[in-house]
Amino acid sequence: MDRSRPLARRPLVALLTATALAATGTTALASAAHAADADLVRNGGFEAGLDGWSCTAGTTVNAPVHSGSSALRATPAGADNARCSQTVTVRPDSQYTLSGHVRGSYVYLGASGTGTTDVSTWAQSAPDWQRLTTTFRTGPSTTRVTVYTHGWYGTGAYHADDISLVGPGGETGQPPAPPTGLKTGTVTSTSVALSWSPVAGATGYAVYRDGTKVRTVNGTSATVTGLSPSTAYAFQVAAVNDAGESARSATVTATTTAPDSGGDSGLPPHALVGYLHASFANGSGYTRLADVPDSWDVIDLAFGEPTTVTSGDIRFDRCPASECPGVESDAEFKAAIKAKQAAGKKVLISIGGQNGQVQLTTTAARDMFVTSVSKIIDEYGLDGLDIDFEGHSLSLNADDTDFRNPKTPVIVNLISALKTLKAKYGDGFVLTMAPETFFVQLGYQYYGTGKWGGQDPRAGAYLPVIHALRDDLTLLHVQDYNSGPIMGLDNQYHSMGGADFHIAMTDMLLTGFPVAGDANNVFPPLRADQVAIGMPATPNAGNGHVSPAEVTKALDCLTKRTNCGSYTTHGTWPGLRGLMTWSINWDRFGGWEFQRTFDGYFG
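Next comes the structure, spelled out in structure tokens:
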């Protein structure tokens, strides 16, 4: 996984005219507020993070701030102006004053949906905090207005703080009616799927298990995970809007099935996996573990790294406060892990990453790897381990040509170490891997140095590890990003940037393929529940980002065999486990677009 922050920017078009950038509203100061007026913006000072705000590329920072301890920082990209918005309830035919403090170039503050004339004001250049203000009057039937701030394409980050909308408060109305039609769907040993009928006026739904709220969703379905096998549970749902929560629905009950004979990982049928920057900071900002939304089913703590490349001694050092402002204490971090686990989530330590080269060249290094990784797992009470070996961690010796019978010490010792850890912690131990396409799918064409030598010895080098551990492997989520063109099973090269690449790469894992073109040396397919598709959360996170529409196309093709485009899959896999992304931090920076895409597709 890449710690850097690759960000393509589109230069600002030269000599923008005053007309193109002019504000559409007035910037006159409003008259004194009436006694009944109030500030209607929720969390206008961003002291509660982005609570109440919807941002395409925003995060909160502790410096610079105009007042308090936090402010908004948002970074426009080539096709995104980094808009942050909030919809508030207002009164019809009433006067309002919108104001806020901003820093940066071409920073806008405005209101839309006013029912009269939408307004905005802007600062062309604000090297220090500058106050923006504008006024508007609502239309005769307007009850909701959206206030927003944004920058200009490719001009760099801007900051905003203390945003307020002063005027008469609107009528909040009544909570919605309670949902009806609650029923159960698929029931496993650790999860129950629920669905219900939509409720008019509801903006979301709260799901209760045995009287305790366990999650909130936007749609009319949810899967409750983290349950115990062979156990009866009672479920209810409440509808939610701005006025509050409805009474709860009628209760439905379900009894989970007995555990699978091979052990159960506790994952839901479709899982969302993400890496959390826990040991370092970058341009995406630090995210506290407790602030990770409930949608994330597997949280990989990035990263555990070796003291030296060949020592096998893995250390996990949490990000210091000097590098990660707002970082939680060790006690808070461990409490957050327990809370996530109580909610049915899995928290793993990820070993490696871009900077963490690990080469277990000796049995002593192998044994140290087992000991040091076990210490991290035990200290933090983790659910398992993610192997994210990159760079030169894995390569094959020249005489190592059969992935089914590896000879290379770094391969053999890694397999032995992982099997030891799996045996030590039992069937519930979660083991995942995040190789790059170079180490897996490239093995269809090249494996190691090749029969005549001269090839990169790392080509396909993950294949023997995956194959040896396929009965112990919970999830394989290949990084379908930062990749060159890869040949698929159609013998055509596929490149990043659209659904086609993800479809072709995933089809190879689920169909199997001859290694280095040898029909007598076939890498067998993995089960669909062992495979998730790895994608970057935003264009900032890595090369190969695709839009939500392309994500949906890939999932449609692989799970339904529809919307496939030019590539023809070799099967249909409705049990595909889900999606992985680098990273949770970048997705938060991008306004949770990746998470929303997953939730919208799988519910």
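Residue numbers (mature numbering (1 follows the signal peptide of the UniProt record, and there is no 0)): -22 to -1, 1 to 581. Every residue gets a Cβ at the ideal spot worked out from N, C-alpha and C, and that includes glycine. Because the structure is a prediction, the values reported are computed rather than measured.
Bridge partners - residue i, DSSP secondary structure assignment
i: residue 161; result: 173
i: residue 100; result: 86
i: residue 194; result: 184
i: residue 43; result: Note: residue 43 sits in no beta bridge, so no partner.
i: residue 444; result: None; residue 444 has no bridge partner.
i: residue 201; result: 171
i: residue 546; result: Beta-bridge pairing links residue 546 to no other residue.
i: residue 284; result: 292
i: residue 108; result: 80
i: residue 252; result: 277 and 559
i: residue 492; result: 500
i: residue 410; result: 364 and 453
i: residue 509; result: 454
i: residue 60; result: According to DSSP, which records beta bridges pairwise, residue 60 is partnered with nothing at all.
i: residue 115; result: 73
i: residue 565; result: In the DSSP output, where bridge partners are listed per residue, residue 565 has none listed.
Where residue i falls, given that 16 or more other Cβ within 10 Å makes a residue buried
i: residue 138; result: buried
i: residue 12; result: For residue 12, the predicted structure reports a pLDDT of 47, less than 50, and the residue's modelled location is therefore unreliable. The matter cannot be settled from this model.
i: residue 380; result: exposed
i: residue 427; result: buried
i: residue 222; result: exposed
i: residue 88; result: buried
i: residue 86; result: buried
i: residue 583; result: The displayed coordinates of the chain run from -22 to 581. Any statement about residue 583 would go beyond what the structure contains.
i: residue 500; result: exposed
i: residue 555; result: buried
i: residue 145; result: buried
i: residue 161; result: exposed
i: residue -2; result: Because the pLDDT of residue -2 is 32, which lies under 50, any placement of that residue in the model is unreliable, and the number read from its coordinates should be weighed accordingly. Exposed is the call here.
i: residue 520; result: buried
i: residue 61; result: buried
i: residue 238; result: For residue 238, the predicted structure reports a pLDDT of 47, less than 50, and the residue's modelled location is therefore unreliable. A value from the coordinates is still provided. Counting Cβ neighbours within 10 Å, residue 238 comes out exposed, since fewer than 16 surround it.
i: residue 525; result: exposed
i: residue 344; result: buried
i: residue 6; result: For residue 6, the predicted structure reports a pLDDT of 34, less than 50, and the residue's modelled location is therefore unreliable. A value from the coordinates is still provided. Exposed.
i: residue 10; result: Confidence is the limiting factor: at residue 10 the pLDDT is only 38, short of 50, which leaves the residue's position unreliable and the question unanswerable from this model.
i: residue 183; result: buried
Residue interval of the beta strand (DSSP E) (run including residue i)
i: residue 578; result: Run containing residue 578: none in the beta strand (DSSP E); it sits in the alpha helix (DSSP H), 571 to 580.
i: residue 560; result: 556 to 560
i: residue 139; result: 136 to 146
i: residue 324; result: 324 to 330
i: residue 52; result: 49 to 52
i: residue 534; result: No beta strand (DSSP E) contains residue 534, which is instead part of the alpha helix (DSSP H) from 526 to 538.
i: residue 233; result: 230 to 233
i: residue 366; result: 362 to 366
i: residue 470; result: Counting along the chain, residue 470 falls outside any beta strand (DSSP E), and DSSP gives it neither H nor E.
i: residue 122; result: 122 to 128
i: residue 214; result: 210 to 219
i: residue 15; result: 15 to 17
Extent of the continuous alpha helix (DSSP H) to which residue i belongs
i: residue 352; result: 341 to 358
i: residue 585; result: Summary: the structure shown does not reach residue 585, with the chain confined to residues -22 through 581, and so no result is reported for it.
i: residue 335; result: Counting along the chain, residue 335 falls outside any alpha helix (DSSP H), and DSSP gives it neither H nor E.
i: residue 308; result: 308 to 320
i: residue 478; result: 477 to 489
i: residue 403; result: 387 to 403
Cβ-heavy atom distance, residue i to the ligand ATP, below 7 Å
i: residue 89; result: In terms of ligand content, the structure shown is empty, and the ligand ATP therefore cannot be addressed.
Cβ separation of residue i and residue j, assumed to be a contact under 8 Å, to the nearest whole Å
i: residue 395; j: residue 348; result: 5 Å
i: residue 528; j: residue 477; result: 4 Å
i: residue 458; j: residue 513; result: 6 Å
i: residue 211; j: residue 170; result: 7 Å
i: residue 393; j: residue 447; result: 7 Å
i: residue 485; j: residue 445; result: About 18 Å separates the two Cβ atoms, so there is no contact after all.
i: residue 407; j: residue 362; result: 5 Å
i: residue 560; j: residue 532; result: With 8 Å as the limit, residue 560 and residue 532 do not qualify as a contact, their Cβ atoms being about 17 Å apart.
i: residue 504; j: residue 439; result: Actually they are not in contact, since the Cβ atoms of residue 504 and residue 439 sit about 17 Å apart, beyond 8 Å.
i: residue 324; j: residue 275; result: 7 Å
i: residue 271; j: residue 64; result: Residue 271 to residue 64, Cβ: 18 Å. No contact.
i: residue 443; j: residue 483; result: In fact, because the Cβ distance is near 18 Å, the residues do not count as touching under 8 Å.
Give a yes or no on contact between the stretch 73 to 80 and the stretch 31 to 40, applying the rule of three or more CB pairs nearer than 8 Å. no
Decide yes or no for the touch test of the stretch 100 to 115 against the stretch 151 to 171: beta carbon pairs closer than 8 Å, at least 3 of them. no
Are at least three pairs of beta-carbons, each pair with one atom in the stretch 246 to 263 and one in the stretch 346 to 359, less than 8 Å apart? no
Within 8 Å, do at least three Cβ pairs link the stretch 399 to 407 to the stretch 455 to 465? By the C-beta criterion, the stretch 455 to 465 is judged not to be in contact with the stretch 399 to 407, since fewer than 3 inter-stretch pairs fall below 8 Å.
Are the stretch 22 to 34 and the stretch 44 to 55 in contact at 8 Å, needing three or more beta carbon pairs? With the rule of 3 Cβ pairs closer than 8 Å, the stretch 22 to 34 counts as touching the stretch 44 to 55.
The stretch 66 to 74 touching the stretch 114 to 123, judged by at least three CB pairs closer than 8 Å: yes
Below 8 Å, can you find three or more Cβ-Cβ pairs linking the stretch 322 to 337 to the stretch 288 to 296? yes
Between the stretch 258 to 268 and the stretch 555 to 572, are three or more C-beta pairs nearer than 8 Å? yes
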